[in-house]
Structure formats: C-alpha cells, structure tokens
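K.L.:
Here it is: the structure, laid out below.
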Amino acid sequence: LRDVPAPSAAAALGVLARRGVRVKVLTGDQPGTAARVCADLGLRPGDRSGTDDVVTAELVDALSDAELVGVADRAVVFARCTPEHKARIVSALRAGGRTTG
Numbered sequence: 766l767r768d769v770p771a772p773s774a775a776a777a778l779g780v781l782a783r784r785g786v787r788v789k790v791l792t793g794d795q796p797g798t799a800a801r802v803c804a805d806l807g808l809r810p811g812d813r814s815g816t817d818d819v820v821t822a823e824l825v826d827a828l829s830d831a832e833l834v835g836v837a838d839r840a841v842v843f844a845r846c847t848p849e850h851k852a853r854i855v856s857a858l859r860a861g862g863r864t865t866g
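Under the numbering used here, the final residue of the sequence shown carries the number 866; numbering is consecutive throughout.
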C-alpha cells in the first residue's frame, strides 16, 4: 500500500519553512515509510547534525527526559510512535523552549 501525500502538501511545507516554522513529523508508520514520505515532500528526515536517521519510538523509550529534549530539537522525523510517545516528544520540545501546535 502507498499513502500518497496531498498534492498541496509540499507547497504548504515550503510556506511554513519560509515563515521559519521547523516542521516535525511524529508518526506511527515504519521508519522507511516515514523517511520516504518526507523525502517525497522535500523534508530531509535526518537531524540537523548531518545524519539521515529517523528517530524510532524504541530510541525515545531509551532516552531520559533531559536527553530527549536535545534529540527532539534536532530530529525531524519520529516513527513507530504511539500517542504516549508523541505526547512525550511534544513535552520535550516545550521543555526546550519550542512552541508546538
């Protein structure tokens, strides 16, 4: 199965980027699926330190809250996330001074 993004999605992400919004993707999808969809939309799935990794829920579980603040700030894509993982990542972003919405 292939879930194709809406035709306007890439343009919308471009508008957000030009406005200075740092988009994060938190999904329950497999890492490969998440990376492919993000690439299709022009989002580099890796973090800003130069890696191309998608952060998995397994890694989120292994991190302390303090460690997650840094990882959440750098990473763009989080995969295999449950609602609880998503809430923890959003909390980490907020703890790091980021605005979420």
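We treat Cβ as the ideally placed atom computed from N, Cα and C, and that holds for glycine.
1) DSSP state of Thr816, grouped into three classes?
2) To test your reading of the DSSP string, which unbroken beta strand (DSSP E) runs of 3 or more residues are found completely within the segment 791-849?
3) Are the CB atoms of Ala852 and Val820 nearer to each other than 8 Å?
4) Report the rounded CA-to-CA distance for Val842 versus Leu808, giving the unit in angstroms.
P.N.:
Reading from the atomic positions:
1) The residue you call residue 816 lines up with position 51 of the sequence shown. At Thr816 the pLDDT is 47, less than 50, meaning the model places this residue with poor confidence and gives no usable figure here.
2) 842-844
3) Counted from its first residue, the sequence shown places residue 852 at position 87. Counted from its first residue, the sequence shown places residue 820 at position 55. No; because the gap between Cβ atoms is not below 8 Å, this pair is not in contact.
4) Walking along the sequence shown from the start, residue 842 turns up at place 77. Walking along the sequence shown from the start, residue 808 turns up at place 43. Straight-line Cα distance between these residues: approximately 9 Å.
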